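What follows is a short report on a single structure.
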Amino acid sequence: MEEEPIIEEGSESLKSLGLKTARRGSIFVSGKLVNAVVALAILVYLARALRPVDYGLYTIVMAYSLVLGMGGNFGMGTAFRKMIP
Numbered sequence: 011m012e013e014e015p016i017i018e019e020g021s022e023s024l025k026s027l028g029l030k031t032a033r034r035g036s037i038f039v040s041g042k043l044v045n046a047v048v049a050l051a052i053l054v055y056l057a058r059a060l061r062p063v064d065y066g067l068y069t070i071v072m073a074y075s076l077v078l079g080m081g082g083n084f085g086m087g088t089a090f091r092k093m094i095p
């Protein structure tokens, strides 16, 4: 049994969908770029404002929090998506 495509090729709605996708994708990429620039600015500020010992302590704490945050949820998001209808 062959399924028909939801959107016909060459239709106006396909072009509209492409434009929406491109627009939203560019907004997403712009947001990621702004996030990276702000993070870099904060990093430079902290490196200049803190003593080397304090900056080292800051980087160690951030590294541990990032590592623990990656595995810290232990799959709870997946469990919630499966359990909640």
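Residues are numbered in the numbering used here as their position in the sequence shown, beginning at 1, plus a constant of 10.
By construction, the Cβ of each residue, glycine as well, lies at the ideal position given by its N, Cα and C atoms.
Note that the structure is a prediction, hence the values are computed from the model and not measured.
Separation of residue j from residue i, as counted between CA atoms
| i | j | result |
| --- | --- | --- |
| M93 | G66 | 42 Å |
| G35 | V44 | 14 Å |
| G79 | L24 | 40 Å |
| T31 | F38 | 10 Å |
| L27 | R58 | 47 Å |
| A49 | G87 | 26 Å |
| K42 | L60 | 27 Å |
| M72 | L29 | 39 Å |
CB contact flag (residue i, residue j, <9 Å)
| i | j | result |
| --- | --- | --- |
| Y68 | L56 | yes |
Quick one: complete alpha helix (DSSP H) runs, 4+ long, within the region 21-71?
The region 21-71 is shown to contain whole alpha helix (DSSP H) runs of 4 or more residues at 22-59, in chain order.
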